[in-house]
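Going by the working numbering, the sequence shown opens with residue 10, and the numbers climb by one from there.
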Amino acid sequence: EISIKPTQVGLDIDPDATFANLNRLAAAAARVKGFMWIDMEGSAYTDRTLDLYNRVHSRHPATGVCLQAYLYRTAADVHRMLPFKPAIRLVKGAYAEPADRAFPAKRDVDANYLALCALMLPDMNRGRLKLVLATHDVPLIERIARFADAIGMDRHALEVHMLYGIQSRRSSPTATPGTRGT
10 EISIKPTQVG
20 LDIDPDATFA
30 NLNRLAAAAA
40 RVKGFMWIDM
50 EGSAYTDRTL
60 DLYNRVHSRH
70 PATGVCLQAY
80 LYRTAADVHR
90 MLPFKPAIRL
100 VKGAYAEPAD
110 RAFPAKRDVD
120 ANYLALCALM
130 LPDMNRGRLK
140 LVLATHDVPL
150 IERIARFADA
160 IGMDRHALEV
170 HMLYGIQSRR
180 SSPTATPGTR
190 GT
């Protein structure tokens, strides 16, 4: 797997060139049976990033996009994406955002993360989307795993991504029994 920030491949300079660059990277990943994630940056880039993702994903299904749980808009973005069998890596969000765009309190971000998972897990269970949980919050992962159990989903289908070196002792797949970790 590779992860690419759109601004690293030209988004601030030329959106069409950015699409061409992402398309080439996705094609290269596909040739080696890999997967490409398009990272989400600050909210000023969200619409453009989702547009790029939709265009690339329509040509290369082994492409996913990160969505940020701290943005108020994310549930609406998920609803718009569901008909297209998306691949979503759900992150909490790390960029400074104004209170009119993002939940300012951690507890609200956590609650929205859980609500977004509750929205997406049934579709994941039916094979309608790929969802990856990108968080170091082990108690939150455990709550999501219990929700998966409650809807009859095999918790082994849950995939968790953590940044290397952060909580490394807890980032193994055994941190939350029944989940896969990378």
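Where a beta carbon is used, it is the ideal one built from N, C-alpha and C, also for glycine.
At a Cβ-Cβ threshold of 8 Å, L20 and R57 count as neighbours. Cβ neighbours of R110 within its own chain (closer than 7 Å, five residues either side excluded): S52, L80 and Y81. For W46 and L167, the gap between their C-alpha atoms comes out near 17 Å. In this structure, the straight-line span from the alpha carbon of H88 to that of A38 is close to 27 Å. The beta carbon of V100 sits closer than 8 Å to those of M49, C75, L76, Q77, A78, A143 and T144, all from its chain and outside the five residues before and after it, given in chain order. Rounded to whole angstroms, K94 and V65 show a C-alpha spacing of 13 Å. Residue range K115 to N134 is occupied by the alpha helix (DSSP H) that includes K115. Annotated three-state conformation of V87 is helix, per DSSP.
DSSP places V41 in the coil class of the three-state scheme, outside both helix and strand. Taking a contact as a CB-CB distance under 8 Å, the pair P92 and L61 does not count as one, their CB atoms being some 18 Å apart. In the DSSP assignment, V65 falls within the unbroken alpha helix (DSSP H) covering T55 to R68. The three-state reading of DSSP puts I11 in strand, counting E and B together.
Going by DSSP, R152 is part of the alpha helix (DSSP H) stretching over V147 to A159. For M162, the closest of G136, V147 and D146 by C-alpha to C-alpha distance is G136.
Each residue's CA atom was taken as its position, placing M171 and M129 some 20 Å apart. Annotated as distal: L31 and I11, with beta-carbon spacing of 8 Å or more. Judged by beta-carbon spacing, I97 lies within the 8 Å limit of L138, meaning their Cβ atoms are closer than that value.
8 Å or more divides the Cβ of A35 from the Cβ of T83.
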